[in-house]
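*Asks:*
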Amino acid sequence: DAIEIALAYARAKTGRFKTISFWDSFHGAGFGARSIGGEEMFRSGPIGPLLPGTEHVPPFGDYRNAWGVTEGSAELCANTIRYVLEKEGDVAAVIAEPTRAVPYIAPPGFWKKVREACNDFGALLIFDEIPTGLGKTGKMFSCEYDEVVPDILVVGKSLGGGILPIAATICRPELDIADRYAYGHYTHEKNPVTTRAALTTLQIIEDEGLVDNAAKVGADALERLQEMMTRHPLIGDVRGRGCLFGAELVTDRDSRAPANDAADMVLYRALDKGLSFKTTMGNVLTFTPALVTTQKDMEYAMNIIDICLDEVERELGYK
789 DAIEIALAYA
799 RAKTGRFKTI
809 SFWDSFHGAG
819 FGARSIGGEE
829 MFRSGPIGPL
839 LPGTEHVPPF
849 GDYRNAWGVT
859 EGSAELCANT
869 IRYVLEKEGD
879 VAAVIAEPTR
889 AVPYIAPPGF
899 WKKVREACND
909 FGALLIFDEI
919 PTGLGKTGKM
929 FSCEYDEVVP
939 DILVVGKSLG
949 GGILPIAATI
959 CRPELDIADR
969 YAYGHYTHEK
979 NPVTTRAALT
989 TLQIIEDEGL
999 VDNAAKVGAD
1009 ALERLQEMMT
1019 RHPLIGDVRG
1029 RGCLFGAELV
1039 TDRDSRAPAN
1049 DAADMVLYRA
1059 LDKGLSFKTT
1069 MGNVLTFTPA
1079 LVTTQKDMEY
1089 AMNIIDICLD
1099 EVERELGYK
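Remember, the working numbering sits 788 above the position in the sequence shown when you count from 1.
(1) Tell me whether residue 986 sits in a helix, a strand or coil according to DSSP, three-state version.
(2) Taking the CB atoms as reference points, tell me whether residue 793 and residue 807 lie closer together than 8 Å.
(3) For residue 1037 versus residue 1024, is the C-beta spacing smaller than 8 Å?
(4) What is the C-beta distance between residue 845 and residue 868, in whole angstroms, given that I count them as a contact (C-beta under 8 Å)?
(5) Between residue 857 and the rest of its own chain, which residues show a CB-CB distance below 6 Å, the 5 nearest in sequence each way excluded?
(6) Considering only residues of the segment 863 to 930, which uninterrupted beta strand (DSSP E) runs meet the minimum length of 3 residues and lie entirely inside it, listed in chain order?
(7) For residue 854, which beta-bridge partners are listed by DSSP?
(8) State the start and end residues of the unbroken alpha helix (DSSP H) segment that holds residue 832.
(9) Are there 16 or more other CB atoms within 10 angstroms of the CB of residue 987, so buried, or fewer, so exposed?
(10) May I ask you to report which of helix, strand or coil DSSP gives residue 803?
(11) Can you pull the DSSP bridge partners for residue 812?
(12) Look up residue 1035 in the DSSP assignment and give the residues it is bridged to.
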């Protein structure tokens, strides 16, 4: 719902309706949100056609990308966004996760180039920080790493402590147009219980230093995964930031062919041992531990991953 409100604001403020977003992205399952999203399972099927004017570009990510390059994908991506903005001429907004939840980290300068392109062609920049905001990446908001301020920032999920449903669409003062039209009225809006939960969540994050904790615990976990990569041939790449990180599994490092079956095997063996996480893109072990995770908890979790990788590699003949 918060994403849908952001889209409505962008249309109302610019007088335009087109958007640019990334393939392989996820912004929600509402009709507008799935239209700007780029995951096949949310775009295909019998519900089409989706919203018109929702342009998509290939996402950045040097390990795996549409350009087939091993470095420089972010520059190609930024140039593509600028090109589409120029050719379309009337784009309302560029919307993206500042840190892709796959996860992929944008290199320094990428978002500044996108911000400049948006400014040059009159488009708003919307950051979807639902999976990354409120400390997950080791800063309160992931976009702080790039020192880029969006026009609209969307948060949710963790805003309600990961339990209660509440989200927020945060806009620059110049976008304060909520009094002019009914942009977002929903059955369960203005709930005092979820609002109180959000305020308490923000206070706990600040009082208990959970943003700094996410940065430290995540850095230790990333270092551990990088060490595992020296011993486990299934791991082709390790990447992440704060408590959003992952390991991409491949059948061999030269071809980088996705090891989807192996990823599933690691996942289910880990579940049997008491560790829950998810796979993204079919072959990326993606970890998003809570901000309250301790170093001891993380060490325990990484030990399980280490054991499961060893078991799967032996079963598949890698060792």
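Beta carbons are placed, not taken as given, at the ideal position from N, Cα and C, and that holds for glycine.
*Replies:* Let me spell this out:
(1) helix
(2) The criterion of a C-beta distance shorter than 8 Å is not satisfied by residue 793 and residue 807.
(3) yes
(4) 5 Å
(5) none
(6) 879 to 884 and 912 to 916
(7) Answer is none; residue 854 lacks a bridge partner.
(8) No alpha helix (DSSP H) contains residue 832, which DSSP labels as neither H nor E.
(9) exposed
(10) coil
(11) Beta-bridge pairing links residue 812 to no other residue.
(12) 1026 and 1073
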